[in-house]
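In the UniProt record's numbering, the protein residues as written are 1 to 148. The structure under discussion appears below in the form of structure tokens.
Right, dumping it as structure tokens:
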């Protein structure tokens, strides 16, 4: 019986700093867009994936991740009802806390564990339906408006 191939040095090292910063910026921008009422399904999907990936990497902060997931679920429920993606202040705070924890994970997690978490998340993606009134015109990217 053959064993697993040994991991390369690159797979054992943490993610490169510039990649960590890009991912963190993407995640925090998704939250900013939703908090400003400018986000949509892309922002929700980004945040949902972050929470799932963070859990796969290390579930030591499960209560924080559960609060963030509940906040995302509440945002989805509101969007289905009101056709607008919005966050309350406590929801924004819960998601922001989870993002800060994930930022710390990204700075230290070995590359191979991050890839495994991505693969596990991809096996069970959450789908968010865009309310009809919020769909951007064809060719316009979500959150292309000023989200600051």
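Glycine included, every Cβ here is placed at the ideal spot set by N, Cα and C. Small disclaimer: the values here were computed from a predicted structure and weren't measured.
The shortest CA-to-CA distance from residue 39 to any of 74, 122, 119, 85 is the one to 85.
Looking at the DSSP output, residue 14 sits in a beta bridge with 110. CA-CA distance, residue 18 to residue 126, rounds to 28 Å. In this structure, residue 23 keeps its C-beta atom at 7 Å or more from the C-beta atom of residue 110.
Beyond the five residues adjoining it in sequence on each side, residue 92 comes within less than 6 Å, by CB distance, of 35 in the same chain, given in chain order.
Under the criterion of beta carbons closer than 8 Å, residue 44 and residue 72 qualify as touching, at roughly 6 Å. Between the beta-carbon of residue 98 and that of residue 51 there is about 6 Å, and that keeps the pair under the 8 Å contact cut. Of 94, 80, 76, 37, the smallest CA-CA separation from residue 65 is found for 94. DSSP, read as helix, strand or coil, puts residue 24 in helix. Distance from residue 96 to residue 31 at the Cβ level is roughly 6 Å; contact confirmed, criterion being Cβ atoms closer than 8 Å. For the segment 36-92, the full-length alpha helix (DSSP H) segments reaching 4 residues or more read 41-57, 62-82 along the chain.
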